[in-house]
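**Q**
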Amino acid sequence: MALLNQQEQSQVAETITNIERQTDAELVTVLARQADDYTYIPLLWASVLALLLPSAVNYFPQLLNVHQLILCQWGVFILLAILFRLPKIQSRLVPRAVRHWRASNLARRQFLEQNLHHTHGETGMLIFVSEAERYVEILVDRGISAKIPDSHWQAIVSLFTARVAKGETAQGFIECIEACGKELQRELPASREKNELPNHLIILD
Numbered sequence: 001m002a003l004l005n006q007q008e009q010s011q012v013a014e015t016i017t018n019i020e021r022q023t024d025a026e027l028v029t030v031l032a033r034q035a036d037d038y039t040y041i042p043l044l045w046a047s048v049l050a051l052l053l054p055s056a057v058n059y060f061p062q063l064l065n066v067h068q069l070i071l072c073q074w075g076v077f078i079l080l081a082i083l084f085r086l087p088k089i090q091s092r093l094v095p096r097a098v099r100h101w102r103a104s105n106l107a108r109r110q111f112l113e114q115n116l117h118h119t120h121g122e123t124g125m126l127i128f129v130s131e132a133e134r135y136v137e138i139l140v141d142r143g144i145s146a147k148i149p150d151s152h153w154q155a156i157v158s159l160f161t162a163r164v165a166k167g168e169t170a171q172g173f174i175e176c177i178e179a180c181g182k183e184l185q186r187e188l189p190a191s192r193e194k195n196e197l198p199n200h201l202i203i204l205d
């Protein structure tokens, strides 16, 4: 299932095009299904719990000998590693700080991969969303940050994050682009024709 359907993607692209006609900024939007598969998280939890097993067995030393304990540890590890891979369980095992850290890293990689640091006048802006983490971030190049403080975007990010949490990602993108556009038009009004970067929504599925 696509993160956004074709109609929604077209609406996002049209909104970007309209805003870019009125500002020197270059906007790029990226939507990721998930920032990381977190395969190491189930293994980490399974390992910790399996290693704690001998402590519990100490209370009942007559139940298991050393060889049985080792086999039991391996069995617990394998069982939990499989169980913790279930999406609903795995999502609860990943700390929020880890999820946001991975999403933030992906956002920064996308800023570089989409060449937002090579625009004329250093006016690139990335609007990044990772749905699974419910994470939204706006990254801008120096030409924008010199005129608009990064803290200005936080309120827009908060509103967009709330939209993502409700499953209204497409509407969130449109509102976010329009809100950013108003500020960009005021501080960086259009002074030239340009279209250095793609206007369509980039999806990392």
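Numbering of the sequence shown is given in full-length UniProt numbering, commencing with residue 1 and proceeding in unit increments.
C-beta atoms are modelled at their ideal positions from N, C-alpha and C, and glycine is treated no differently.
1) Assuming C72 and L44 are in contact, meaning their beta carbons sit under 8 Å apart, how far apart are those beta carbons, in whole angstroms?
2) Do three or more CB pairs link the region 85-94 to the region 134-141 at distances below 8 Å?
3) I want to know whether the region 111-122 touches the region 12-23 - three or more CB-CB distances under 8 Å.
4) Between the C-alpha atoms of A81 and T39, what's the straight-line distance to the nearest angstrom?
5) Given that a residue counts as buried once 16 or more other Cβ atoms are within 10 Å of its Cβ, and exposed if not, what is W153?
6) Evaluate M1 with the Cβ neighbour count: other Cβ atoms within 10 Å of its Cβ, from every protein chain shown; 16 or more gives buried, anything less gives exposed.
7) Rounding to the nearest angstrom, what Cα-Cα distance links D36 and N5 in this structure?
8) On the three-state DSSP scale, how would you describe E168?
9) Label E178 either buried or exposed according to how many other C-beta atoms from any shown protein chain fall within 10 Å of its C-beta, with 16 as the threshold for buried.
10) Any idea if Q9 is buried or exposed, counting beta-carbon neighbours within 10 angstroms, 16 or more meaning buried?
11) With a threshold of 8 Å, are at least 3 pairs of Cβ atoms found where one atom belongs to the region 120-136 and the other to the region 24-34?
12) Short of 7 Å in beta carbon distance, which residues of its chain neighbour A155, apart from the five on each side in sequence? Order them along the chain.
13) Which runs of the alpha helix (DSSP H) spanning at least 4 residues fall entirely within the region 66-134, listed in chain order?
14) Just to confirm the assignment, what range does the beta strand (DSSP E) spanning E26 have?
15) Going by C-alpha distance, which of V48, I203, F84, C180 is nearest G124?
16) How many angstroms separate the CA atom of A13 from the CA atom of A97?
17) If you check the beta carbons only, do N115 and L51 fall under 9 Å apart?
18) For E193, count neighbouring C-beta atoms within 10 Å of its own C-beta (all shown protein chains included) and say buried if the count is 16 or more, exposed if not.
19) What does DSSP give as the partner residue(s) for E137 in the beta ladder?
20) Going by DSSP, what residues sit across from I144 in a beta bridge?
21) For L204, which of helix, strand or coil comes out of DSSP?
**A** The short version:
1) By one-based count along the sequence shown, residue 72 stands at place 72. By one-based count along the sequence shown, residue 44 stands at place 44. About 20 Å separates the two Cβ atoms, so there is no contact after all.
2) no
3) no
4) Indexing the sequence shown from 1 puts residue 81 at position 81. Indexing the sequence shown from 1 puts residue 39 at position 39. Each residue's Cα considered, the two are about 10 Å apart.
5) The residue you call residue 153 lines up with position 153 of the sequence shown. So W153 ends up on the buried side.
6) As a first step, residue 1 must be located in the sequence shown, where it is residue number 1. Per-residue confidence for M1 stands at a pLDDT of 44, beneath the threshold of 50, marking its modelled position as unreliable; the derived number appears in the next sentence. Exposed, since its Cβ has fewer than 16 Cβ neighbours within 10 Å.
7) Within the sequence shown, residue 36 is the residue found at index 36, counting from 1. Within the sequence shown, residue 5 is the residue found at index 5, counting from 1. Looking at the two C-alpha atoms, the distance is approximately 23 Å.
8) Locating residue 168 in the sequence shown gives position 168, counting from the first residue. In this structure, E168 counts as coil in the three-state DSSP scheme.
9) For the purposes of this step, residue 178 is identified with residue 178 of the sequence shown, where counting begins at 1. It is exposed - the Cβ of E178 has fewer than 16 other Cβ atoms within 10 Å.
10) What you label residue 9 is simply residue 9 of the sequence shown in a count that begins at 1. Its Cβ being crowded by 16 or more others within 10 Å, Q9 is buried.
11) yes
12) Reading the sequence shown from its first residue, position 155 is the one you call residue 155. If we look at A155 and ignore the five residues flanking it on each side, it has no Cβ neighbours.
13) 66-83, 87-93, 96-113
14) Here residue 26 refers to the residue found at position 26 of the sequence shown. Per DSSP, E26 belongs to the beta strand (DSSP E) from 26-32.
15) As a working mapping, residue 124 is identified with position 124 in the sequence shown. Taking only the C-alpha atoms, the option nearest G124 is C180.
16) Position 13 of the sequence shown, counted from the start, is the residue given in the question as residue 13. Position 97 of the sequence shown, counted from the start, is the residue given in the question as residue 97. Roughly 31 Å separates the two Cα atoms.
17) Against the sequence shown, residue 115 aligns to sequence position 115. Against the sequence shown, residue 51 aligns to sequence position 51. Cβ atoms of N115 and L51: not closer than 9 Å.
18) The residue given as residue 193 occupies position 193 in the sequence shown. Looking at its Cβ environment, which holds fewer than 16 other Cβ atoms inside 10 Å, E193 is exposed.
19) By one-based count along the sequence shown, residue 137 stands at place 137. In DSSP, E137 forms a bridge with F128.
20) One-based indexing of the sequence shown puts residue 144 at position 144. Per DSSP, none; premise fails for I144.
21) Stepping through the sequence shown from its first residue, residue 204 is reached at position 204. L204 falls in the strand class under three-state DSSP.
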